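Scroll down for the structure; my scribbles are underneath it.
Protein chains: 2
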Amino acid sequence: MTGVPRRRLLGFAGAGVALAGAGAAAGAFATKASPEVENVAAAKVPFRGDIQAGITTPAQDHMHFVALDVKTKSRDELISLLKEWTVAAERMTAGQEAAENGAVGGNAEAPPKDTGEALDLPASALTITIGFGPSLFDDRFGLKDKRPERLIDLPRFPQDDLDPARSNGDICIQACANDPQVAVHAIRNLVRIGFGRVAVRWSQLGFGRTSSTTRDQATPRNMFGFKDGTRNIKAEDTDHLRDHVWVSKEDGPDWLVGGTYLVSRRIRMHIEIWDRTSLVEQEQIVGRTKGEGAPLGQANEFDEPDLHVKGAGGIPLIGEIAHIRLASPEALNGARILRRGYNFTDGSDGLGHLDAGLFFVAFNRDSRTQFVPMQQALSTKDDMMEYVEHTGSGHFAVPPGVKEGGFWGEGLFR
Amino acid sequence: MTGVPRRRLLGFAGAGVALAGAGAAAGAFATKASPEVENVAAAKVPFRGDIQAGITTPAQDHMHFVALDVKTKSRDELISLLKEWTVAAERMTAGQEAAENGAVGGNAEAPPKDTGEALDLPASALTITIGFGPSLFDDRFGLKDKRPERLIDLPRFPQDDLDPARSNGDICIQACANDPQVAVHAIRNLVRIGFGRVAVRWSQLGFGRTSSTTRDQATPRNMFGFKDGTRNIKAEDTDHLRDHVWVSKEDGPDWLVGGTYLVSRRIRMHIEIWDRTSLVEQEQIVGRTKGEGAPLGQANEFDEPDLHVKGAGGIPLIGEIAHIRLASPEALNGARILRRGYNFTDGSDGLGHLDAGLFFVAFNRDSRTQFVPMQQALSTKDDMMEYVEHTGSGHFAVPPGVKEGGFWGEGLFR
Ligand code: HEM
Ligand code: HEM
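Below is the structure:
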């Protein structure tokens, strides 16, 4: 461990720093987040814009993710809920309470409109991102025709061990912030507003990010101890974002243009087995060195992996089934995804081990040709599969950003 | 929400700042943590001293707590384990890997001696604190005679709903740090070292502290939205620490002098019911205002509660069964405890709600006359009980600090 602080500590204590991000146009996203503000507690990320925040926003340190079942059968109630959520979400990302005078300034004889646990906390770069699952597009709300063809029920992958209680959902909400209490407060207040109309299906707390999403961010490490996110799509890669993340006009449906698809996988990592594997073996499984995170055969983290270079005996240095080969665009007809996952530790497994892992979140433009073949390759060939277990899964269509005066997902109801 | 950052951001980026704390003598603990360093990522808390760190250390933002069952039957193996743990714990609190060249610099053909996920992270004020549960003092290790009289099996309290899978344990280890990945890494590596000798019984991640333990720290909020820790014993209250926390020579047993007793209670909070309660009712249940945290009848958070002042109709402003009255030294023959709890959110409860609450951790000198009567009073009279459910419990004897050349709990084996 070196002395490099995870949160860069700068001579900086100002409030109200706005991070660019959500406001940028989908097709021309080129905002470079300044390293000086990336993780400052007071940072505010604009809620409205052409795209939703929380996708290309510099990945914050903490996440609280919830999947909800809609309980009301009324289309109008669903619409009002989305409108109420939009107001509350915008307020909270600005560092305000869920409603004006929400926690203590309102009618004292009534339940407070904000639950209060973030009262003294700054915005902490909070982003709140919504997505709609396949099940929302059934008969209940007249949305059947709106279901994007690409919003498939994900196939069963080899070795899947999915818990229905950790999978799917009509709606997902991802809250990310540099203070976990701010992220938890956001989800909790949205759930509270939805009381009677939605119920929590599952929720996941992530305590440490596993991906950098801008070139400025130091690459964090996952629970296998490896740097994760090195060759991720970054906010600066505008061509990749256009080609691999944002839904275009040609793709359709209309209501989703400027949106994307979110795939969540709760991946339990059998860390105690991993920890008994030699360093060499770990590095071969991943295809990178553990310390520096360099591709095997190269010296530095950001060197391009050379998938052809061979070592002794003509064996490729990055093995035929190394994780980074199987998941690489080179092996997948150019397919890429934007990863934005978090580490988790959910108590113990009842069998003497910690229940730890990676809450994998990825965004892509067409899961059928990006995430699915990638996970298909990994789940059939990747040696890493011996150490992991996919225990939860979700697939959600993430609408574009909210325009002035608009509300979350309004295009769905036009 | 105001612009006051939770982590005070100062023009300060130095590494290796040592926080005083563990080194001070138990009876004369008078160290005042400087606000300038309290939450700096690079802060290092000394591991050795007369008392263990992690009790009066300024409460860090995150906690990972584990309870372990000892699987070996050999006293010698238990002793070696405690020695190995001591080395690793001291290293990690200094911001180092669990072993020299642990993650990547050792023999590449062997499993690494450090799991690597904290490789680039600074010490983050990590403290690691050990405690021994009643079950350790059975026949297995010849420790029967060493069991402190005060280390009782906690009684069953009214409304207890304890899950054995979240309760008790032979050994507990509490890791607190300002970066959750650092705390999780510490526990995970100690568990790894113990492989075959100990098994994880339960573990709990806390994402936000609920108590301040020094006068400099802003009081954090719990999941009911109230400031928590206002009238806690603080590191500066040397008389209270002597009278209510540290085991003295007269108390005995010898091996525990300078130690204390830790009580853990996993308290599920039914936040969705609480959130439907009016502000007035919430404040009456607690006995304090929600915004400022002032005792009812007073203006400011740190005003002394006046338990006698009456309002309209001669009814006490702080009700007869207000939480802060029932738990006050005035109501409990002067009993006080040092609280050092954390908020948690563990996914959902399968019934449509978040599984959130308070992981209550308290230190006291004699749980029989401090925690037990307090919890007895609360569990029979406190209206707050309608909103909470105690789902886990633990009681541990926390040995004194580790001297130079010594190891965790060595007094036990003399
Ligand atoms: C616990 C499970 C996983 C772990 C520990 C893990 C770990 C890693 C690591 C260490 C890297 C190298 C650094 C980097 O470029 O980010 C990597 C790369 C990558 N992983 Fe994973 N991964 C996991 C699951 C997945 C899954 C489920 C997918 C998608 C289906 C995936 C897709 C990728 C991709 C696309 C890359 C970049 C490949 C390249 O172009 O070099 N990973 N992963
Ligand atoms: C979820 C459960 C609990 C919640 C939400 C809660 C909340 C609070 C709050 C808001 C205060 C006032 C501020 C302060 O002085 O810290 C307080 C005070 C206190 N609580 Fe709790 N508490 C809980 C459980 C417990 C338990 C289990 C105990 C011990 C058995 C306890 C002991 C105390 C004590 C000793 C005080 C200070 C009383 C005084 O001297 O003014 N609390 N608690």
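In order, the protein sequences belong to chains A and B.
Numbering of the first sequence is given in this note's numbering, commencing with residue 278 and proceeding in unit increments.
Numbering of the second sequence is given in this note's numbering, commencing with residue 278 and proceeding in unit increments.
Every residue, glycine too, gets a C-beta built ideally from N, C-alpha and C.
All values derive from a computational prediction rather than experimental measurement.
In this structure, what does DSSP give as the bridge partners for residue i?
| i | result |
| --- | --- |
| Thr622/A | Ala633/A |
| Thr404/A | Cys453/A |
| Lys504/B | Arg498/B |
| Asn378/B | According to DSSP, which records beta bridges pairwise, Asn378/B is partnered with nothing at all. |
| Arg433/A | Per DSSP, none; premise fails for Arg433/A. |
| Val665/A | Met546/A |
| Pro572/A | Arg565/A |
| Arg616/A | Ala639/A |
| His672/A | Val540/A |
| Leu482/A | His341/A |
| Pro593/A | Lys587/A |
| Arg476/A | Rather than Arg, the amino acid found at residue 476/A in this sequence is Ala. According to DSSP, Ala476/A bridges with Asp346/A. |
Tell me the residue span of the beta strand (DSSP E) that contains residue i.
| i | result |
| --- | --- |
| Ile544/A | 537 to 546 |
| Ser644/A | Taken as a continuous stretch (DSSP letters only), Ser644/A belongs to no beta strand (DSSP E), as it is neither H nor E. |
| Met340/A | 339 to 347 |
| Ser444/B | Note, Ser444/B: premise wrong, no beta strand (DSSP E); not H, not E. |
Between the Cα of residue i and the Cα atoms of the options, which residue gives the shortest distance?
| i | options | result |
| --- | --- | --- |
| Ala325/A | Pro435/A, Gly686/A, Phe472/A | It should be noted that the sequence gives Arg, not Ala, for residue 325/A. When only C-alpha atoms are compared, the closest one is Gly686/A. |
| Asp262/B | Gly574/B, Asn466/B, Gly591/B, Gly590/B | Outside the shown range of chain B, which is 278 to 691, sits residue 262/B, and nothing can be said about it. |
| Gln647/B | Ala344/B, His521/B, Phe673/B, Ala589/B | His521/B |
| Glu569/B | Val364/B, Ile614/B, Lys504/B | Lys504/B |
| Asn455/A | Ala320/A, Arg602/A, Pro593/A, Glu607/A | Ala320/A |
| Val524/A | Arg368/A, Glu367/A, Ser644/A | Ser644/A |
| Val475/B | Val675/B, Ala385/B, Ile356/B, His630/B | Ile356/B |
| Ala387/A | His630/B, Phe690/B, Cys449/B, Ser555/B | Ser555/B |
| Arg553/A | Thr363/B, Ala344/B, Ala380/B | Ala380/B |
| Ile548/A | Arg543/B, Arg352/B, Phe472/B | Phe472/B |
| Pro338/A | Val665/A, Leu420/A, Asp438/A, Val459/A | Here residue 338/A turns out to be Asp, not Pro, going by the sequence shown. Cα-wise, what sits closest to Asp338/A is Val459/A. |
| Gly564/B | Arg543/B, Ala604/B, Thr537/B, Gly419/B | Ala604/B |
| Ile598/B | Val638/B, Leu689/B, Thr657/B | Thr657/B |
| Glu354/A | Glu394/A, Thr334/A, Gly419/A, Val343/A | Gly419/A |
| Met500/A | Ser488/A, His585/A, Arg492/A | Ser488/A |
Could you spell out where the alpha helix (DSSP H) holding residue i opens and where it closes?
| i | result |
| --- | --- |
| Arg368/A | 352 to 370 |
| Phe648/B | 648 to 658 |
| Glu560/A | 556 to 563 |
| His600/A | 600 to 603 |
Would the beta-carbon of residue i be found less than 6 Å away from any heavy atom of ligand 2?
| i | result |
| --- | --- |
| Asp505/B | yes |
| Leu635/B | yes |
| Met651/B | yes |
| Ser605/B | yes |
| Arg519/B | no |
| Ile592/A | no |
| Arg486/B | no |
| Val665/B | yes |
| Arg645/B | no |
| Arg543/B | no |
Is residue i near ligand 1, with its Cβ less than 6 Å from a heavy atom?
| i | result |
| --- | --- |
| Asn620/B | no |
| Met546/A | yes |
| Ile332/A | no |
| Arg642/A | no |
| Phe501/A | yes |
| Arg465/B | no |
| Leu328/A | Here residue 328/A is Ile; the residue named in the question, Leu, does not match the sequence. For ligand 1, not one heavy atom lies less than 6 Å from the Cβ of Ile328/A. |
| Arg474/A | no |
| Arg616/B | no |
| Arg498/A | no |
Should residue i be labelled buried (16 or more other beta-carbon atoms within 10 Å of its own) or exposed?
| i | result |
| --- | --- |
| Phe484/A | buried |
| Gly529/A | exposed |
| Asp430/A | exposed |
| Ala330/A | buried |
| Ala302/B | Residue confidence is low: Ala302/B scores 35 on pLDDT, short of 50, so the model does not pin down where it sits. Its coordinate-derived value is still stated next. With fewer than 16 Cβ atoms within 10 Å of its Cβ, Ala302/B is classed as exposed. |
| Val557/A | exposed |
| Gly669/A | buried |
| Phe673/A | buried |
| Leu467/B | buried |
| Ala344/B | buried |
For a test of your reading of the model: does the CB of residue i fall under 6 Å from any non-hydrogen atom of ligand 4? Yes or no.
| i | result |
| --- | --- |
| Arg443/A | With respect to ligand 4, the structure shown offers nothing to examine, as its ligands consist of ligand 1 and ligand 2. |
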